[in-house]
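For the sequence shown, this note's numbering assigns the number 4 to the initial residue and increments by one for each residue that follows.
Yeah, the Cβ is synthetic: ideal placement off N, Cα and C, and Gly gets one too.
Quick caveat, the model's predicted, so the values are computed rather than measured.
Some notes on the structure that comes next.
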Amino acid sequence: MPSAIESPDVSTKRTLDHHLGAFALGLDELLRDYDDTSILVTPDKTFTGSTQIRAFFKAFIEGVDPKFWDAFKITKTAVHGEVAYLVWEAKPWVKLATDTLHVRRDRIAVQTFTPFSA
4 MPSAIESPDV STKRTLDHHL GAFALGLDEL LRDYDDTSIL VTPDKTFTGS
54 TQIRAFFKAF IEGVDPKFWD AFKITKTAVH GEVAYLVWEA KPWVKLATDT
104 LHVRRDRIAV QTFTPFSA
């Protein structure tokens, strides 16, 4: 939990860093960034709460080619208050993708994810 004097930027950056590192540690670690009120918005569907978000990430992780992770490259990050923005690629599978995270109390309250296929 952030202290009373910690800036939102610090909490948001810490949550973003954990989120990115959690992919290598497994689904349970990844889900620590969310709670039952979290929302994940994708072009195809909106996932609400830990159970639905778990199902999304489980399908995502199990569905990607193992070489995807070697190709994963972050091209931009920006943190402003409670908002983190991430641009990444994993060519040839994903030409470009963006994630925007609204972080409250060290949890991702709302995340948007938009991938553009190669």
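Hey, how far is the Cα of Glu85 from the Cα of Lys70?
As a first step, residue 85 must be located in the sequence shown, where it is residue number 82. As a first step, residue 70 must be located in the sequence shown, where it is residue number 67. As the crow flies, the alpha-carbon of Glu85 is around 32 Å from that of Lys70.
Could you give the first and the last residue of the continuous beta strand (DSSP E) run that contains Arg107?
Numbered from its first residue, the sequence shown carries residue 107 at position 104. Looking at the DSSP string, the run of the beta strand (DSSP E) that includes Arg107 is Val97 to Arg107.
Of the residues Leu89, Gln114, Asp68 and Tyr88, which one's Cα is nearest the Cα of Trp96?
Residue mapping note: residue 96 aligns to position 93 of the sequence shown, counting from 1. Looking at Leu89, Gln114, Asp68 and Tyr88, the one whose alpha-carbon comes closest to that of Trp96 is Asp68.
For Val82 and Thr15, which I take to be in contact (beta-carbon distance under 8 Å), what is that distance rounded to the nearest angstrom?
Numbered from its first residue, the sequence shown carries residue 82 at position 79. Numbered from its first residue, the sequence shown carries residue 15 at position 12. That belief holds up - the Cβ atoms of Val82 and Thr15 are roughly 5 Å apart, short of 8 Å.
By the three-class DSSP mapping on this structure, what secondary structure does Val1 have?
Only positions 4 to 121 of the chain appear in this structure, which leaves residue 1 out of reach.
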